[in-house]
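Engineer:
Protein chains in written order, with my numbering: chain D, 1 to 788; chain G, 1001 to 1268.
Here's what the structure looks like:
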């Protein structure tokens, strides 16, 4: 392994510009003559717009235009779309209500887009927005899913009279019922997976630009997948054909899923740029981000696990209501269905599983993918159930898991997924050792002497990454294929530019992708640049989410590098006067087998462009190759996290004392970056478990609309992490990569709640386990103990 | 933010004169509450009178006899790190070091915090428990008279705090249970003993702002020891309930924080 090759902890190349404040984010981009957009948002969760008077606003200082839903309809700008079709049990298609970029007659959540003011300055646009007179007829709102499906509940979209988007199911109901019928023990559990606000550090932003000379648009936007944005804006929303629409996603300061989607604001900015004849910029402030970024999670679940007399799992039944908010966001329909239920087998050999999921409209912000997207929700269900089943049957939670783990691979679960490879017991055994599990009793006793409650919680998670192959996602309803593309451009002096359809917004692609190139071509890592995020440079790509950039994006680069090497061999053959089949390539040198004749990569690159040696022969000049990679399966990262914590029963304060993470990500390209991803993921998972929760009041106002009330985890909420790895290389891609971006966020919540419930004596504690919630549970535990 | 007129003044007198001429003017000290509120368009003063140029006159810490004088424009950071405060009233220095984050502590001022009387702010509890005197450009007001309700004080329009005088206690401690989201006090209890007099002030919990906990004071006046608080509890009546803490939990925390503060004040 070289110092910059695969497996080396190379320092991040991109950090020089990020830590010196030289990143170039969307809000840093300013176009000549730029105007500013301010969105007037609905203060009501549900209301009819009886009239909208923009006269005074249009006359206000600096105002260029005030645009409403009528204008967008008149210009035949299409509505926002949901790109994944889900069918209900009865075969009927999901009920997708119209989602106009500016409200047309009705608003459906607080923050919904009523109108936009374009003005010379942002302050003028905002001042003018206060002059817009909106006559609302306020309608009753519904924010609770159980209320939304009741008879007589306010109807949010006419297409669904019971606010249900779909009643979907997966698995074999009869086989599962049969398993429960013969069960020796059944564990039952009601769970809430709390709603989260993504809170990327960089708020969403967009700059729309129109060039009348070429009739072409440019959109700068905070996107994780600029090509998908262009595709949707072009083919569905109808801004312009793709060759007349360039989408640039420059440096992006965190996404966590929330920047996958195509939102109203960027749609309006790019459309309005032509309308007012000026570039139009919009940057969300933090309050707008809280109200209008797609939120995450928000499930209500009842789950049951059936065990036989030996404590083996024989059946799993899950019923989930998933809040999809007021409109279907871009991929929202898939998150609680195909990204959720197929993971319900966890790491366990469960012969029968049946899951039902109802997608529900409410008068709240749209809900879509957020770090882990469906897999954290599935893992929370499985790992809470498994933990409680172990406790109820008097089994040690670690031994109970070991007994039920899948041991042979490949393993076909009853819920679509075919796990390719893994070694779950190796990860658990390593984690038990690292966490010093055998001495937990002593540590609990020591805490008790100090008046504290100590608990330990396990989470043996599995996830499905890559969000590919295309045929698989297509058969499940995806409107797109989910491959990835790469182009490797070798310059005449042997430096390399890699164009990738993946998008880096914190993942460190500029480093890890360059490591791959450096390793395979035997050239210094500084001779490699990674180009992404611009549809004019990179032809096509599917973007970054679902931990897919390593497993799918790098595999495309790998394949393109194969082609570069193959072409290089042909060039080298001419230079070395040998047959191409006799050329070897190793450590940056092409050589003739069995001889000392060799030529280095840089010289071959030069010869490829000079072409003197093979002019007129059957070989094209140049050295540039592209590839598309579509894998044969999802990848299945898995691992075990163990959380050990101490609770102060007097105050309910939880302090995480030790965190052990043993993950199997397959082959690791850069251990430092992978550890960073694990740390960040756990931080978000602990955030969900202990701190975060979006809360709407009954009228549909977001109570947690700022950091004053929405609790983000901070450094002092988090422990030092003890991170270990096991490795079973993934067989479905050439690098053996599985993906690591979401693991921590998936693993952490059940580990924390299992530890808290262990500490307080098995009281079911809901997330977020705030001091108030933990204090209440601890009080009950103390009283129960006193009663005994 | 709406438009406003911005004035800079280098003395309390000039500030007061300007305030008299501008009815909805606001004094700007550290601006840690006022500026975010204005940015969100929740406040729209016609004018801001920036006191920062007057810092030389209005900031500073002095120990005079058995009193610590702290100028209104003194930053939280300077109180937290003052050797004089750390020696005379260590609990006060510690309290200042727990306010907000480093950026807030370098900008926010004691006068601004006390004048704003946020029900979850830390300083009001210190003023009340230490029996401080708030000096203004017009008069001296005892802490007991000063804090009159949520964001309400005895200050009259145009009246400006110039300094706060804290008598040095024999024992004191502040225990804060922060709101997990905002890190303001969800419950903060300041306990102080001076001679026979024991005062216990509670911030963050009361629906009308900072208040004295009479039952705790009586018990601790009898004996300044944690055992004196056995069986003493705060009533949930009149306490705040929100998504972070209901009144019962806040009442419970008052007891816990009070006991911990007493132990701390006694060096335990």
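The beta-carbon is built from N, C-alpha and C at its ideal position, and this holds for glycine as well.
According to the neighbour-count rule (16 or more other Cβ atoms, all chains shown, within 10 Å of its Cβ), is residue 24 of chain D buried or exposed?
Structural biologist: Taking the first residue of the first chain as 1, we reach residue 24 of chain D at position 24. With fewer than 16 Cβ atoms within 10 Å of its Cβ, residue 24 of chain D is classed as exposed.
Engineer: Which one or two residues does DSSP pair with residue 453 of chain D in a beta bridge?
Structural biologist: Your numbering for residue 453 of chain D matches position 453 in the first chain. Residue 453 of chain D pairs with D:647.
Engineer: Determine the extent of the beta strand (DSSP E) in which residue 1134 of chain G is found, giving its start and end residues.
Structural biologist: One-based indexing of the second chain puts residue 1134 of chain G at position 134. Unbroken beta strand (DSSP E) run through residue 1134 of chain G: 1133 to 1136.
Engineer: Output, in chain order, the set of chain G residues within a Cβ distance shorter than 9 Å of residue 233 of chain D.
Structural biologist: As a first step, residue 233 of chain D is located in the first chain; it is residue number 233 there, counting from the start. Simply none; closest approach about 32 Å.
Engineer: Give, in chain order, every residue of the region 1165 to 1182 of chain G whose Cβ lies closer than 9 Å to some Cβ of chain D.
Structural biologist: 1177, 1179, 1180, 1181, 1182
Engineer: Going by C-alpha distance, which of G:1053, G:1047, G:1065, G:1073 is nearest residue 1059 of chain G?
Structural biologist: Along the second chain, one-based indexing puts residue 1059 of chain G at 59. It is G:1073 whose Cα lies nearest to the Cα of residue 1059 of chain G.
Engineer: Taking only the alpha-carbon atoms, compute the straight-line gap between residue 680 of chain D and residue 471 of chain D and give it to the nearest angstrom.
Structural biologist: Indexing the first chain from 1 puts residue 680 of chain D at position 680. Indexing the first chain from 1 puts residue 471 of chain D at position 471. About 32 Å.
Engineer: Would you grab the beta carbon distance between residue 226 of chain D and residue 247 of chain D for me? Rounded to a whole angstrom, and I think it's under 8 Å.
Structural biologist: Stepping through the first chain from its first residue, residue 226 of chain D is reached at position 226. Stepping through the first chain from its first residue, residue 247 of chain D is reached at position 247. At roughly 4 Å, the Cβ-Cβ gap stays under 8 Å, so residue 226 of chain D and residue 247 of chain D are in contact.
Engineer: Please state the DSSP three-state secondary structure of residue 380 of chain D.
Structural biologist: Taking the first chain and counting its residues from 1, the one referred to as residue 380 of chain D is at position 380. In this structure, residue 380 of chain D counts as helix in the three-state DSSP scheme.
Engineer: In its own chain, which residues sit with a C-beta less than 6 Å from the C-beta of residue 125 of chain D, not counting the 5 before and 5 after it?
Structural biologist: As a working note, residue 125 of chain D is residue 125 in the first chain. Cβ neighbours of residue 125 of chain D beyond the five flanking positions: 36, 38, 117, 119.
Engineer: List the endpoints of the continuous beta strand (DSSP E) containing residue 1257 of chain G.
Structural biologist: Counting from 1 along the second chain, the entry for residue 1257 of chain G is found at position 257. Unbroken run through residue 1257 of chain G is the alpha helix (DSSP H), 1247 to 1265; no beta strand (DSSP E).
Engineer: Find out if the Cβ-Cβ distance for the pair residue 545 of chain D, residue 296 of chain D is shorter than 9 Å.
Structural biologist: Position 545 of the first chain, counted from the first residue, corresponds to residue 545 of chain D. Position 296 of the first chain, counted from the first residue, corresponds to residue 296 of chain D. No.
Engineer: Output, in chain order, the set of chain G residues within a Cβ distance shorter than 9 Å of residue 707 of chain D.
Structural biologist: In the first chain, the residue the question calls residue 707 of chain D occupies position 707. Those within 9 Å of residue 707 of chain D in chain G are 1181, 1182.
Engineer: Evaluate contact between the region 175 to 182 of chain D and the region 307 to 321 of chain D, counting only Cβ atoms and requiring at least three cross-stretch pairs below 8 Å.
Structural biologist: Enough Cβ pairs lie closer than 8 Å, so yes.
Engineer: Could you name the residues of the same chain whose beta carbon sits closer than 7 Å to that of residue 772 of chain D, not counting the 5 residues immediately before and after it, in chain order?
Structural biologist: Within the first chain, numbered from 1, the residue matching residue 772 of chain D stands at position 772. 652.
Engineer: For a contact meaning CB atoms closer than 8 Å, what does residue 821 of chain D contact in chain G?
Structural biologist: Within the shown structure, residues of chain D are numbered from 1 to 788, placing residue 821 of chain D beyond reach of any answer.
Engineer: Would you identify the three-state DSSP class for residue 701 of chain D, choosing helix, strand or coil?
Structural biologist: Reading the first chain from its first residue, position 701 is the one you call residue 701 of chain D. If DSSP states are grouped into helix, strand and coil, residue 701 of chain D belongs with coil.
Engineer: Note down the Cα distance separating residue 1070 of chain G from residue 1163 of chain G, rounded to an integer number of angstroms.
Structural biologist: Within the second chain, the letter at position 70 stands for residue 1070 of chain G. Within the second chain, the letter at position 163 stands for residue 1163 of chain G. Answer to the nearest angstrom: the Cα atoms are 6 Å apart.
Engineer: Pull up the CB-CB distance for residue 331 of chain D and residue 260 of chain D, whole angstroms please, since I reckon it's below 8 Å.
Structural biologist: As a position in the first chain, residue 331 of chain D is number 331, starting the count at 1. As a position in the first chain, residue 260 of chain D is number 260, starting the count at 1. With 8 Å as the limit, residue 331 of chain D and residue 260 of chain D qualify as a contact, their Cβ atoms being about 6 Å apart.
Engineer: Determine the contact status of residue 730 of chain D and residue 420 of chain D, defining contact as a CB-CB distance below 9 Å.
Structural biologist: Within the first chain, residue 730 of chain D is the residue found at index 730, counting from 1. Within the first chain, residue 420 of chain D is the residue found at index 420, counting from 1. The answer is yes: Cβ separation under 9 Å.
Engineer: Listing by chain order, which chain G residues have their CB less than 7 Å from the CB of residue 695 of chain D?
Structural biologist: Here residue 695 of chain D corresponds to residue number 695 of the first chain, with the count starting at 1. Chain G residues near residue 695 of chain D: 1243.
Engineer: For residue 224 of chain D versus residue 207 of chain D, is the C-beta spacing smaller than 9 Å?
Structural biologist: Your numbering for residue 224 of chain D matches position 224 in the first chain. Your numbering for residue 207 of chain D matches position 207 in the first chain. No.
Engineer: DSSP on residue 483 of chain D, reduced to helix/strand/coil?
Structural biologist: For the purposes of this step, residue 483 of chain D is taken as residue 483 along the first chain, with counting starting at 1. Residue state, collapsed to three classes: coil.
Engineer: With a threshold of 6 Å on Cβ separation, who are the neighbours of residue 1263 of chain G within its own chain once the five nearest residues in sequence on each side are excluded?
Structural biologist: Position 263 of the second chain, counting from 1, holds the residue named residue 1263 of chain G. Result list for residue 1263 of chain G: 1226, in chain order.
Engineer: Quick check on residue 1041 of chain G - is its C-beta less than 9 Å from some C-beta in chain B?
Structural biologist: Absent here is chain B; the protein component of the structure consists of chains D and G.
Engineer: Can you find a CB in chain G that lies within less than 9 Å of the CB of residue 710 of chain D?
Structural biologist: The residue given as residue 710 of chain D occupies position 710 in the first chain. Output row for residue 710 of chain D: interface = yes.
Engineer: Where does residue 94 of chain D sit, in a helix, a strand or coil, going by DSSP?
Structural biologist: Sequence index remark: in the first chain, residue 94 of chain D carries index 94 (1-based). Here residue 94 of chain D sits in coil by DSSP.
Engineer: Can you pull the chain D residues whose beta carbon is under 8 Å from the beta carbon of residue 1253 of chain G, in chain order?
Structural biologist: Indexing the second chain from 1 puts residue 1253 of chain G at position 253. Residues of chain D passing the Cβ test: 651.
Engineer: In chain D, which residues lie less than 7 Å from residue 1123 of chain G when you measure between Cβ atoms?
Structural biologist: Looking up residue 1123 of chain G in the second chain gives position 123. What residue 1123 of chain G touches in chain D: nothing, since even the nearest Cβ is about 19 Å away.
Engineer: Taking C-beta pairs closer than 8 Å, name the residues in chain G that residue 155 of chain D reaches, listed in chain order.
Structural biologist: Residue numbering aside, residue 155 of chain D sits at position 155 when the first chain is read from its first letter. Within 8 Å Cβ-Cβ: nothing; residue 155 of chain D doesn't reach chain G, min ~29 Å.
Engineer: Specify the secondary structure class of residue 26 of chain D as computed by DSSP and reduced to three states.
Structural biologist: Within the first chain, the letter at position 26 stands for residue 26 of chain D. Of the three classes helix, strand and coil, the one that applies to residue 26 of chain D here is helix, per DSSP.
Engineer: Could you confirm whether any beta carbon from chain G is found closer than 9 Å to the beta carbon of residue 703 of chain D?
Structural biologist: The residue given as residue 703 of chain D occupies position 703 in the first chain. Yes, contact with chain G.
Engineer: Using 8 Å for Cβ pairs, my map puts residue 157 of chain D next to residue 338 of chain D. What's the rounded Cβ distance?
Structural biologist: As a working mapping, residue 157 of chain D is identified with position 157 in the first chain. As a working mapping, residue 338 of chain D is identified with position 338 in the first chain. Not quite, the Cβ-Cβ distance comes to about 22 Å (not below 8 Å), so this is no contact.
Engineer: Report the rounded CA-to-CA distance for residue 364 of chain D versus residue 1196 of chain G, giving the unit in angstroms.
Structural biologist: The residue given as residue 364 of chain D occupies position 364 in the first chain. The residue given as residue 1196 of chain G occupies position 196 in the second chain. In this structure, the straight-line span from the alpha carbon of residue 364 of chain D to that of residue 1196 of chain G is close to 57 Å.
Engineer: Relative to chain D, which residues along the region 1067 to 1080 of chain G have a C-beta separation below 7 Å, given in chain order?
Structural biologist: none
Engineer: I want to see whether chain G comes within less than 9 Å of residue 127 of chain D, judged by CB atoms only; does it?
Structural biologist: The count along the first chain starts at 1 and reaches residue 127 of chain D at position 127. Output row for residue 127 of chain D: interface = yes.
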